[in-house]
Amino acid sequence: MPCGPSISVDGDLPKATRAQMRGVTVEAVMAVRDLTGLDVVFRSGSSERGEVLSTPDQRINQPDEHTLEIHWVDHRNTWLTPDELGAATVWHALSTIGASIGSARIQLSSRIFDQFDHGQFDEPSRQLSVLHELAHIFGVGHSTDPNSFMYPSLETVAWITPADRAALALAGSRPC
Ligand SMILES: [Zn+2]
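Going from the sequence shown to my numbering is simple: count from 1 and add 8.
Below, the structure written as structure tokens:
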């Protein structure tokens with residue numbers, strides 16, 4: 009499992025926005041840590057002093073083993089379609105004990121900041137949008153429940169349902 013997240017932000021975005029993006033991401037990662045029980049520890053980019061700016065290479069290179077790269081991208085610079093707020097990609101490593109997730113990348117569009125307010129995890133919010141992509145990385149797929157934050161789109165109601173909690177707890181049974 010890619011349990012070592014690192015955050016990078018697009019240098020074209022205003023400094024204050026970049027700081028907010030880091031803050032929202034840290035909150036979402038902490039929520040994943042609580043929900044899965046996994047020992048998720050930041051590798052880099054979680055504070056202003058340690059700010060990491062995105063590079064074009066990050067868009068094509070596979071992240072290092074066990075690393076989860078989280079990129080905030082100015083929506084004008086991204087290859088996401090205008091409707092897409094985020095995307096999650098995992099690279100699987102095949103071993104004698106079966107396939108496991110080796111490394112991963114999440115791309116988050118600045119549109120998340122245009123579309124949602126700063127909020128909590130029991131309402132459509134920036135935090136909940138980031139949590140949705142993180143949950144994919146840890147092996148949780150989409151929900152058919154329109155109330156779930158894992159529904160394919162965030163509607164006016166979205167929260168972490170009991171079924172979502174169970175899925176995340178199960179995801180946490182696979183070691184980092
Ligand atoms: Zn999704």
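Think of the CB as a built atom: it goes at the ideal place given N, C-alpha and C, for glycine as much as any other residue.
In this chain, the beta strand (DSSP E) harbouring S103 covers G94 to S103. For V40, the enclosing alpha helix (DSSP H) stretches over residues K23 to T44. Annotated as proximal: S151 and D172, with beta-carbon spacing under 8 angstroms. For R113, DSSP records a beta bridge to E77 and T97. Beta-bridge pairing by DSSP links V17 to L61 and W80.
When the alpha-carbon of I68 is set against those of H79, V60 and P170, the nearest one is in H79.
The beta carbon of G94 lies closer than 8 angstroms to those of L88, I114, Q115, L116, S117, I120, S137, V138, H140 and E141 in the same chain, with the five residues before and after it left out. The beta carbons of D122 and D82 sit about 11 angstroms from each other, so the pair does not count as a contact at 8 angstroms. In the DSSP annotation of this structure, the continuous segment of the alpha helix (DSSP H) that includes D122 starts and ends at R119 to Q123. With a threshold of 16 other beta carbon atoms within 10 Å, E77 meets it and is buried. A distance of 8 angstroms or more separates the beta carbons of P170 and E163. With respect to V60, V48 sits apart: the two C-beta atoms are not nearer than 8 angstroms. In its chain, beyond the 5 residues on either side, D18 and D20 have a beta carbon closer than 7 angstroms to the beta carbon of N85.
In the three-state DSSP reduction, S137 falls in the helix class (H, G or I). Here C11 is near L46, since their CB atoms are less than 8 angstroms apart.
The residue from F124, R26, T104 and R134 with its alpha-carbon nearest to that of E35 is R134. A distance criterion of 7 angstroms places the beta-carbon of H144 in contact range of ligand 1, judged by its closest non-hydrogen atom. Assignment of beta-bridge partners to S156 by DSSP yields W167.
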